[in-house]
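Below you'll find the structure, written out as C-alpha cells, and then a few comments.
Number of protein chains: 2
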Amino acid sequence: MQFADESHIKDALELSLLPGVGSLTQNRIWKSLADISDIFSMEEKSLESFGIPGEAYPVIRSRSFQAMAAEIYDWGIREGCKFLLRGRPGYPPLLEEIYDPPLILYARGQLEALEKPGIAIVGTRRPTVYGLQMAQGIASDLGNRGICVVSGLARGIDSAAHRGCLDGNGTTIAVLGCGIDIVYPREHRQLTQKILAQGLLLSEFPPGTSPSPQNFPIRNRIISGLGLGTLIVEASEYSGSLITARLAMEQNRDVFALPGNLTSPQSFGPNFLIKQGAKLVQTWRDVVEELPTEIRQEIFLKEDAKPPLKAELDLLTEEESRLLGLLREDETTQFDKIYRYSGLSIPHLSDLLLKLEMAGRIRQLPGNLYVRMRK
Amino acid sequence: MQFADESHIKDALELSLLPGVGSLTQNRIWKSLADISDIFSMEEKSLESFGIPGEAYPVIRSRSFQAMAAEIYDWGIREGCKFLLRGRPGYPPLLEEIYDPPLILYARGQLEALEKPGIAIVGTRRPTVYGLQMAQGIASDLGNRGICVVSGLARGIDSAAHRGCLDGNGTTIAVLGCGIDIVYPREHRQLTQKILAQGLLLSEFPPGTSPSPQNFPIRNRIISGLGLGTLIVEASEYSGSLITARLAMEQNRDVFALPGNLTSPQSFGPNFLIKQGAKLVQTWRDVVEELPTEIRQEIFLKEDAKPPLKAELDLLTEEESRLLGLLREDETTQFDKIYRYSGLSIPHLSDLLLKLEMAGRIRQLPGNLYVRMRK
Chain A
12 MQFADESHIK DALELSLLPG VGSLTQNRIW KSLADISDIF SMEEKSLESF
62 GIPGEAYPVI RSRSFQAMAA EIYDWGIREG CKFLLRGRPG YPPLLEEIYD
112 PPLILYARGQ LEALEKPGIA IVGTRRPTVY GLQMAQGIAS DLGNRGICVV
162 SGLARGIDSA AHRGCLDGNG TTIAVLGCGI DIVYPREHRQ LTQKILAQGL
212 LLSEFPPGTS PSPQNFPIRN RIISGLGLGT LIVEASEYSG SLITARLAME
262 QNRDVFALPG NLTSPQSFGP NFLIKQGAKL VQTWRDVVEE LPTEIRQEIF
312 LKEDAKPPLK AELDLLTEEE SRLLGLLRED ETTQFDKIYR YSGLSIPHLS
362 DLLLKLEMAG RIRQLPGNLY VRMRK
Chain B
12 MQFADESHIK DALELSLLPG VGSLTQNRIW KSLADISDIF SMEEKSLESF
62 GIPGEAYPVI RSRSFQAMAA EIYDWGIREG CKFLLRGRPG YPPLLEEIYD
112 PPLILYARGQ LEALEKPGIA IVGTRRPTVY GLQMAQGIAS DLGNRGICVV
162 SGLARGIDSA AHRGCLDGNG TTIAVLGCGI DIVYPREHRQ LTQKILAQGL
212 LLSEFPPGTS PSPQNFPIRN RIISGLGLGT LIVEASEYSG SLITARLAME
262 QNRDVFALPG NLTSPQSFGP NFLIKQGAKL VQTWRDVVEE LPTEIRQEIF
312 LKEDAKPPLK AELDLLTEEE SRLLGLLRED ETTQFDKIYR YSGLSIPHLS
362 DLLLKLEMAG RIRQLPGNLY VRMRK
C-alpha cells in the first residue's frame with residue numbers, strides 16, 4: 012500500500028533527485044504548484060522565480076532523472092519500501108510543521124511507529140559507560156510506556172537508545188544519513204533488522220546515497236522534527252548533537268538533557284543546555300511530564316494502576332502523623348514538651364523530627380523549639 | 012572595639028541565654044522594646060504577650076542569667092571575641108532580612124569578611140572525590156575574585172569550600188553549630204586557625220555549647236542568610252544541605268547547584284534542585300552572572316583586564332570570515348560554488364563549514380546547499 016498514487020510519487024522522486032534543487036526550493040515549488048509535475052514543462056522565467064539555478068533548466072526540461080525516479084519507484088515496490096509524500100496521508104504531521112520538511116521520505120518497517128508520541132534521544136558517538144547505560148535505560152522506560160524513541164542509528168548514544176527502546180518492547184524510529192538500502196555503520200546490521208521488525212527506518216536520501224559526513228547534520232532536523240521533544244544524553248562541546256538540540260528549539264519542541272559530572276567532557280553539552288533552559292532529566296517521568304496533557308495523563312494513569320514498588324516519599328507513617336499533630340503552625344513547641352507528650356525515646360524522637368524537617372513538614376528554631384509548616 | 016556598648020551587649024546576652032526563649036520570641040521582644048533591658052522588669056502579663064512560657068518568668072525576674080552574661084562578656088573582651096547585635100553597626104545587613112535572625116552573633120577573626128559579597132557553598136559530609144574537587148575549585152575561583160565563601164566548617168564539602176577559598180587567597184566565613192570557643196570537628200583545628208587569620212568564625216550559640224546534632228539545621232539559616240546565593244555541591248536525597256537550599260529560597264536568595272551523574276547518590280540533591288529551578292553551575296562565572304549588577308560588572312571588568320588564556324570561541328579566523336562572506340542570508344549557495352570561489356581543498360573546506368555550522372553561523376540544507384544565519 013502506498014499513501015499517494017504512482018505518478019505523484021514518481022514526480023516527487025524526480026524533483027528530489029534534481030541537482031542544485033535543495034529542500035527549500037522543493038518546498039517553494041510544492042507550496043506554489045497544485046501539481047508538482049507542472050515544473051517539468053515550465054518556462055525558464057518561472058523556474059528562475061523558484062530560485063532554481065540556470066544549470067538545472069536543461070536537466071529539468073529534458074527530464075533526465077525521470078528514468079531514475081521510475082527505477083527507484085520499482086525498487087520500492089519490490090523491496091517493500093514506502094514513499095511518504097509531504098501533504099499526503101501517512102506523512103508525519105509533526106514533520107510538516109518544521110521549516111524545511113523533506114518532500115519525500117523513504118520508509119521501511121512498521122509505519123504504525125509514526126502514530127505514537129515520539130521523543131528523540133541523541134548524543135555523542137564516543138560516549139562514556141554512564142551515557143550508554145542512561146540512554147539505554149531511559150529509552151527502555153519510555154519505550155515500555157508507549158513512547159516511540161527516535162534517533163539516528165549512529166554509534167554510541169543513538170544505537171544505545173534504539174536498543175534500549177527495543178529491550179523495553181517499545182517502537183523505535185531510525186532516521187538515516189544515507190540511502191535506506193544501506194546499513195551504516197556495518198556493525199548495526201542486526202540492530203537494523205530488529206528495527207525493521209519492531210520499528211521504522213526513515214531516510215530522505217535516495218537509495219544508494221552513501222553516508223557522507225555532510226548528510227548527518229541535515230537529517231538531524233528530521234530526528235528532532237519527529238519528536239515532541241529531544242533528549243541529549245552526552246555531547247561534547249562541538250558535538251553535532253548540540254545542533255540537533257538547537258534545531259529542536261527552533262522547531263519549538265522541548266529540549267531535555269541528562270546531567271553529568273563537569274569533569275566528563277561528554278557531559279559538557281547537556282549541562283550547558285540545561286543552563287540555557289533545557290529540562291534536566293533524572294527519570295523517564297521528567298520527560299513524560301512535559302508531554303501534551305492527554306498523552307501524559309494516559310501514561311501516568313496506567314502507571315498508577317501498577318502495584319507500587321515503594322511507599323510514596325510524601326506519605327507519613329502513623330507515628331509521624333501523630334507527632335505532627337503535637338505541633339502547631341502558629342506557635343512553637345519546646346522539644347521537652349513534644350518528648351513528654353509523644354512517649355517516644357529521645358533518639359527515636361530526634362530521628363522522626365529530623366525526617367519531618369527534611370520532608371518540609373516542620374521546622375526547628377533556635378532554642379530547641381519546633382513549628383509546623385503550612386502544607 | 013565593639014559595635015554596641017557594654018550594657019546593651021550584656022542585656023542581649025542574658026536574653027539569649029534564657030531557656031525556652033527561642034529566636035522568634037527574642038525577635039518579637041527586640042521589635043517591641045526600644046531597650047530590651049525593659050524585659051527584666053516587666054509584669055507577667057506583658058511577658059505572656061511575647062509568648063514567653065510561664066516557667067521562664069521567675070528566671071527572668073530574678074535575673075538568674077545576668078552573671079553568666081557578664082562572664083561571657085568578660086571572656087569575649089579577653090579572647091578577642093566580638094558581639095554583633097541585631098540592628099547595630101557591624102551586624103550583617105543581609106542577615107537582618109531573614110525571617111528569624113539571631114539577636115546576637117559571636118564573631119572571631121576578620122570582621123572585614125562581612126563586607127564582601129558572600130556566596131554560601133554547602134554539601135554532604137560524605138562527598139565523592141568529584142564533589143570535593145569541584146567545591147574546592149569553585150570556592151578558590153570565587154575567593155580569588157573577591158567573593159567571600161560562607162559555609163559550615165563540617166566535614167566533606169563545607170571544609171573543602173573553606174579550604175578552596177583560602178587557597179585562592181579569598182576570605183571565608185564559617186558558621187558554627189557549637190560555641191565559638193569549640194573546635195568541631197577536631198581535625199579542623201588547623202583550618203580553623205587559617206580561617207581566624209584570613210576570615211571569620213561566627214556562631215549564635217553561647218560559648219561552651221556542644222555541637223549537638225539539632226544545632227546544625229538551625230545554623231543553616233545563617234549560612235544561607237549571609238550569602239547572596241547558595242551553591243549546593245553534593246547532597247543525597249535526605250541531606251541537610253537540601254534544607255539549606257530551601258532556606259535560601261525562602262530567604263529569596265539565589266540557589267545554585269553543581270550537576271552530577273545520576274548514578275551518584277550524592278548528586279541526587281543538586282540535580283533535583285536544578286529541576287526545581289536552581290541554576291546549574293559549570294564554572295564560577297555562572298555564579299557571578301547572577302550577582303547584583305555592580306558587583307558582577309566589577310568582577311568581569313577585572314577579569315577582562317587579565318591577559319586572555321585562549322582565543323574567544325566566538326571569534327572567527329580570517330579564513331572563516333572570508334568563507335562566511337561567500338554565503339548569503341537570503342539564498343542558498345551550492346557547495347560546488349563555494350568550493351570554486353574559496354580556493355580551498357575539499358576536506359579543509361568541509362571542515363571549516365562544519366565549524367561554522369557548529370558555531371551557528373551557517374546552516375547546511377539538503378542538496379549540499381548552504382545558507383548564512385543572521386547573527
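Chains as they are written, first to last, in our numbering: chain A, 12 to 386; chain B, 12 to 386.
Heads up, the beta-carbon is just placed ideally off N, CA and C, and yes, glycines get one too.
Just so it is clear, the structure is predicted and the values come from calculations on it, not from any experiment.
- Rounded to whole angstroms, the Cβ separation of A:Gly238 and A:Ile310 is 16 angstroms, and the two are not in contact under 8 angstroms.
- For the stretch 223-249 of chain A, the residues whose beta carbon sits under 8 angstroms from a beta carbon of chain B are, in order, Pro224, Gln225, Pro228, Ile229, Tyr249.
- For B:Leu237, the enclosing alpha helix (DSSP H) starts and ends at 226-237.
- Residues of the stretch 280-306 of chain A with a C-beta less than 9 angstroms from any C-beta of chain B: Pro281, Asn282, Phe283, Ile285, Lys286, Lys290, Leu291, Val292, Gln293, Thr294, Asp297, listed in chain order.
- The three-state reading of DSSP puts A:Leu327 in coil, since its state is none of H, G, I, E or B.
- If you look at B:Gly120, you'll find it in the beta strand (DSSP E) that goes 115-120.
- With a threshold of 16 other beta carbon atoms within 10 Å, B:Trp295 meets it and is buried.
- Distances from the alpha-carbon of A:Cys189 to those of A:Asp178, A:Pro224, A:Asp315 put A:Pro224 closest.
- At a beta-carbon threshold of 7 angstroms, the residues of chain B lying near A:Thr274 are Tyr141, ordered along the chain.
- The Cβ atoms of B:Gly280 and B:Ser250 sit closer than 8 angstroms to each other.
- When secondary structure is reduced to three states using DSSP, B:Arg166 falls in the coil class, being assigned neither helix nor strand.
- Taking CB atoms only, B:Met145 has a neighbour in chain A less than 8 angstroms away.
- Under the 10 Å beta carbon count, B:Tyr352 is surrounded by fewer than 16 other beta carbons and is classified as exposed.
- Below the 7 angstroms Cβ cutoff, chain B contributes Thr343, Leu376 as neighbours of A:Leu35, in chain order.
- Contact between B:Thr36 and B:Ile63 holds, since their C-beta atoms are separated by about 6 angstroms, short of 8 angstroms.
- Taking a 10 Å sphere around the C-beta of A:Ile206, we find 16 or more other C-beta atoms and assign the residue as buried.
- Under the rule that a run must span 3 or more residues, the beta strand (DSSP E) segments found entirely inside the stretch 53-121 of chain B read 93-96, 115-120.
- Against B:Ser361, the close residues of chain A are Pro224, Gln225, in the order they occur along the chain (beta-carbon pairs closer than 8 angstroms).
- Judged by their CB atoms, B:Leu95 and B:Ala118 are nearer to each other than the 8 angstroms cut-off.
- For A:Ile191, there are no C-beta contacts with chain B under 9 angstroms, since the nearest C-beta of that chain is about 15 angstroms from it.
- Under the 8 angstroms criterion on CB atoms, B:Arg166 is classed as non-interfacial with respect to chain A.
- Assignment of A:Arg156 by DSSP, reduced to helix, strand and coil, places it in the coil class.
- The beta carbon of A:Ile254 sits closer than 8 angstroms to some beta carbon of chain B.
- With respect to A:Leu213, A:Leu114 sits apart: the two C-beta atoms are not nearer than 8 angstroms.
- Interface annotation for the stretch 79-112 of chain A against chain B: Asp111, criterion Cβ-Cβ distance under 7 angstroms.
- Between the alpha carbons of B:Phe227 and A:Val160 lies a gap of roughly 46 angstroms.
- At a cut-off of 8 angstroms, the C-beta of A:Pro69 has no neighbouring C-beta in chain B.
- In the three-state DSSP reduction, A:Arg339 falls in the coil class, being neither helix nor strand.
- At a Cβ-Cβ threshold of 8 angstroms, B:Lys93 and B:Leu122 count as neighbours.
- Close partners of B:Pro270 in chain A (Cβ separation under 8 angstroms): Pro270, Gly271, Asn272, Leu273, Ser278, Asn282, Ile285, Leu291.
- Interface flag for A:Met369 against chain B is set, since a Cβ pair is found closer than 8 angstroms.
- In the DSSP assignment, B:Ile254 falls within the unbroken alpha helix (DSSP H) covering 251-261.
- Look at B:Arg385 here: in three-state DSSP terms it is coil, with no helix or strand label.
- Contact check for B:Ile254 and A:Glu368: beta-carbon distance about 7 angstroms, within the 8 angstroms limit, so the pair qualifies.
- Not a single CB atom of chain B sits nearer than 8 angstroms to the CB of A:Leu338.
- B:Phe267 carries a strand assignment under DSSP once its states are collapsed to helix, strand and coil.
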